[in-house]
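One structure is given here, and the rest of the page talks about it.
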Amino acid sequence: MKKIFTFFLYWSALTLFTQELPKGFSYIKDVAPSIQKELRYCYTNNFVGASVEGYEEPILITSTKAALALKKVQDKLIKKGLSLKIFDAYRPQRAVNHFGRWARTPKDTLTKQQFYPKLNKRNLFKLGYISSRSGHSRGSSIDLTIVDLKTNKELDMGGPYDFFGKVSHVFYKGITKKQKENRMLLRKIMLEFGFKPYSYEWWHFTLRNEPFPKTYFDFPIK
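In terms of the working numbering, the sequence shown opens at residue 1187 and continues consecutively.
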């Protein structure tokens, strides 16, 4: 009887702290647990300079179809002594709205030197860095890089994640040969397993034939 009661408590705890995802979505840890993560929007190391609305826990969620494709990428990288590291996956619409409110607050320039030193914040919408909708909210867009498992350090991509500027463009010429090779390695392997790149952000990819191409979800990440 005691064992049954203990199991019931354990099951209740799992139910309490794990939300039921919409059909067609998965936790990446359940599909590809070896993928590394650094969910910047859960904390303060991001262009907003604060935890972003909707990111309640540092957990990766994507469409199941995208998660399965990422597993294939990871399996191939592991054989080379490398690993994916994801910065952002599914993003609730409320987080996108938070970005919009931040962009419309010109006096809040706390993160300017780190993320947009050469840009006027009032132009972020016009230049396409901030928008009212994001492909991430459809569940199949991913921001990521590659890590060397021997050193546990990210490969040098020639520019930091989420930087607003030309250095983030995939084919930016002002970086070294090795940095270009690292970008092309990421691009090549993501293309191989069904992801399409975004030319203005070396880290951003979207699954081709994504399962929810017109639906923007807003359930929280927890």
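Ideal Cβ positions, reconstructed from N, Cα and C, are used throughout, including at glycine.
Apart from sequence neighbours up to five positions away, the residues of its chain that approach E1242 with a beta-carbon distance below 7 Å are P1406, I1407 and K1408, ordered along the chain.
Ranked by Cα distance from G1240, the first of T1392, S1323 and D1342 is S1323.
The shortest C-alpha to C-alpha distance from P1244 to any of G1235, F1233, Y1229 and L1254 is the one to Y1229. DSSP places E1387 in no alpha helix (DSSP H) but in the uninterrupted beta strand (DSSP E) bounded by E1387 to L1393. F1381 and F1285 have their C-alpha atoms some 25 Å from each other. DSSP places T1248 inside the beta strand (DSSP E), whose first and last residues are I1247 to S1249.
Within the DSSP secondary-structure output, E1340 pairs in a beta bridge with V1333.
About 6 Å separates the CB atoms of F1350 and L1305; that is less than 8 Å, so the two are in contact. Secondary structure note for D1274: its beta strand (DSSP E) is the uninterrupted segment L1268 to D1274. For L1268 against L1335, the beta-carbon gap comes to about 6 Å, under 8 Å, which counts as contact.
Taking C-alpha positions only, S1385 is separated from N1231 by approximately 24 Å. Bounds of the beta strand (DSSP E) holding K1382 are F1381 to Y1384. Taking all protein chains shown into account, N1395 has fewer than 16 neighbouring C-beta atoms within 10 Å of its C-beta and is therefore exposed. The shortest C-alpha to C-alpha distance from E1367 to any of Q1205, G1210, D1342 and I1264 is the one to D1342. About 5 Å separates the Cβ atoms of K1257 and V1217, confirming a contact at the 8 Å cut-off. Ranked by Cα distance from F1391, the first of Y1358, A1252 and W1288 is A1252.
For the options S1212, Q1365, R1319 and K1262, the alpha carbon positioned closest to that of L1246 is the one of S1212.
L1310 places its beta carbon 8 Å or farther from that of F1273.
If you check the CB distance, W1288 and D1329 do not come in under 8 Å. For D1261, the closest alpha carbon among the candidates Y1358, R1280 and Q1222 is that of Q1222.
Rounded to the nearest angstrom, the Cβ distance from P1397 to S1249 is 5 Å, consistent with a contact under 8 Å.
Excluding sequence positions up to five before and after V1234, its CB lies within less than 6 Å of the CB of W1288, all in the same chain and listed in chain order.
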